[in-house]
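Here's the structure we're looking at; comments come further down.
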Amino acid sequence: MRPNSRFAHVQPIGLDEVAAATGSDPDVLRLENLDTDVPPPPVAVEATTRALAEGAGNSWLPLTGLPSLCEAVAGELRRRTGLEHDPLSQVVITSGGTSAVLPTLLATTEPGDPVVLTDPTYAGLLQRVRLAGARPHLVPLTVDGGHWRLDRDALAQVRTAAAMLLMSPSMPSGVVFSREDWQAVAETCARTGAYLIHDAAMERIVFDGQPRVNPCQVDGLAERTITIGSVSKEYRMIGWRIGWVAGPADIMARIRVAAIYNTTVAGGYAQLGAAAALSDPGGAGVPEAVAEYQARHETVIAQLAGLPVVRAGGGWSCLFDAAAVGLTAAELSSRLLEKGRVAATPMTAWGEAVAGRHVRLVFSAEPVERLSELRARFEAALPG
């Protein structure tokens, strides 16, 4: 097989290997994969079912998204950012949010260009930077007062970047960027000329009443921000595989072309279900889902009190420091599954030094009652 430089540093995501090792054992706590048992909005299920029955959306066209969904996305962005996005020229529908990342990187970077991400970050972002031929520049997250924080001093040292690919709340850490963090990002974009590619898939899943700061609300970022979103997390619609990308009209012209040649079109039935969720005047159950995720997060934190688990500011997962208990992340993952019947993914492919010492605990797919068993299961797996 011929060598291919794009794959030279691409690592397997890891969660699929843990899931395969787990099998279907009902006793295992499934904390390895970003699934959820919180149901999707009934309005989305009804709209999708109706579309299937009527044959609506059963077409290749429009290649970049049904008008009803593009308009719903533009409305959602207006509520979040205060900005107007033209549904026809500034919104592209994709097959899930992460499928928007590669077309966006292809449109904003040249081979070898640096792209700023955090360490840790979602492997689906980091590894796509490498597949695009760009070069990751990782800025660490640090733990301060039991919470993850962006290392703004390290960010200030960035001198060259084509793009910054950031998420808040971020997988896998659950870090939530403050207004001061976004201001530091704005300064870096101004200094380097970089685009901000903002993965907003979990933007509303924020805990403890923290303020949600959209980067487009920070001076200097609105004209540089490309927003990627989806219905997978906030709306619990993973199987629909519907996402979008929106941004300045000039760069969106490139992204439209790349998105069409990447996946051609997202499923029409699912698009109609997504439009119903985004347009639901009742909020599609998002506040109730966030409250449930926070209760599960608090259960995990309480169960592991005194152990090196780091609180999440939002999202669906938090991190446990394997190195702090004398193990590698892979060793802890293996021991948890074998001795504690807990499936947890090592963060080997999710960054560098910071990510590599942690395992991820996903709390979105297990109810509080099951998560309340976590302490005993960890004690069975930890050394000593």
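All residue numbers for the sequence shown refer to our numbering, where the first residue is 1 and numbers rise by one. Even glycine gets a Cβ: it sits at the ideal position worked out from N, Cα and C. These numbers were taken from a predicted model, which means no experiment stands behind them.
Buried or exposed by the 16-neighbour rule on C-beta atoms within 10 Å, applied to Gly174: Buried, since its Cβ has 16 or more Cβ neighbours within 10 Å.
Neighbourhood of Ala186 by C-beta, 6 Å cutoff - its chain only, sequence neighbours within 5 removed: The beta carbon of Ala186 lies closer than 6 Å to those of Val218, Gly220, Leu221 in the same chain, with the five residues before and after it left out.
Three-way DSSP call (helix, strand, coil) for Arg135 in this model: In the structure shown, Arg135 sits in a strand (DSSP, three-state: E or B).
Among Arg204, Ser364, Glu352, nearest to Val286 - alpha-carbon criterion: Checking every option, the nearest Cα to that of Val286 belongs to Arg204.
Nearest residue (CA-CA) to Arg370, options Glu46, His297, Ala246, Asp321: Looking at Glu46, His297, Ala246, Asp321, the one whose alpha-carbon comes closest to that of Arg370 is His297.
Residues that DSSP places opposite Tyr195 in a beta bridge: According to the DSSP secondary-structure assignment, Tyr195 is paired through a beta bridge with Ala163.
Secondary structure of Ile93, DSSP reduced to three states: Look at Ile93 here: in three-state DSSP terms it is strand.
Thr36 and Arg236 closer than 7 Å at C-beta: Yes, the pair counts as a contact, with Cβ atoms nearer than the cut-off.
Member of Pro215, Gly268, Pro40 whose CA lies at the smallest distance from the CA of Asp199: Taking Asp199 as reference, the option from Pro215, Gly268, Pro40 with the minimal CA-CA separation is Pro215.
Beta-ladder partner(s) of Ile228, from DSSP: Bridge partners of Ile228: Asp199, Val245.
First through last residue of the beta strand (DSSP E) which encompasses Arg321: Going by the sequence as given, residue 321 is Asp instead of Arg. Unbroken beta strand (DSSP E) run through Asp321: 317-321.
Within 7 Å, strictly: CB atoms of Val91 and Ala343: Result no, Cβ atoms of Val91 and Ala343 do not sit closer than 7 Å.
Separation of Pro140 from Arg335, as counted between CA atoms: Each residue's alpha carbon lies about 27 Å from the other.
Beta-carbon proximity list for Pro137, same chain, < 7 Å, skipping 5 on both sides: It should be noted that the sequence gives His, not Pro, for residue 137. Pro114, Val115, Val116, Val158, Ala161.
At least 3 beta-carbon pairs within less than 8 Å: the stretch 240-256 vs the stretch 16-33: Output reads no: the stretch 16-33 does not touch the stretch 240-256.
Alpha-carbon to alpha-carbon, Leu278 and Arg79: The alpha-carbon atoms of Arg79 and Leu278 are separated by roughly 11 Å.
Sequence-distant residues of the same chain with beta carbon closer than 7 Å to Arg224, five excluded per side: Contacts found: Cys189, Tyr195, Leu196.
Sufficient close CB pairs (3 or more, under 8 Å) joining the stretch 312-320 to the stretch 88-105: These segments do not touch.
Neighbour-count burial assignment, Arg6, 16 or more Cβ in a 10 Å radius: Classification of Arg6: exposed, given that the 10 Å Cβ count is below 16.
Pairwise C-alpha distance: Tyr261 and Arg254: Rounded to whole angstroms, the gap between the alpha carbons of Arg254 and Tyr261 is 11 Å.
Cα-Cα separation, Ala329 to His85: Approximately 43 Å between the Cα atoms of the pair.
Identity of the residues DSSP links to Trp148 by a beta bridge: Answer is Val143.
Euclidean distance between Cα positions of Val73 and Ala276: Looking at the two C-alpha atoms, the distance is approximately 11 Å.
Buried versus exposed call for Pro406 [16 or more other C-beta atoms within 10 Å across all chains shown]: With the chain covering 1 to 384 only, the question about residue 406 has no answer from this structure.
Rounded distance between the beta-carbons of Phe378 and Leu307, thought under 8 Å: Rounded, the Cβ-Cβ distance is 7 Å, consistent with contact.
Residues near Glu352 in its chain [Cβ-Cβ closer than 7 Å; skip 5 each side]: The residues are Asp119, Leu138.
Cutoff 6 Å; reference Thr227; Cβ partners in own chain excluding five residues on either side: Within the same chain, Thr227 has close Cβ partners His198, Ala200, Ala246.
Rounded straight-line distance, which links the Cα of Leu106 to that of Ala132: Straight-line Cα distance between these residues: approximately 6 Å.
7 Å CB neighbourhood of Thr142 in its chain, flanking five on each side removed: These residues qualify, in order along the chain: Arg149, Asp151.
Between the CA atoms of Ala380 and Ala20 - distance to the nearest angstrom: When rounded, the distance between both Cα atoms is 22 Å.
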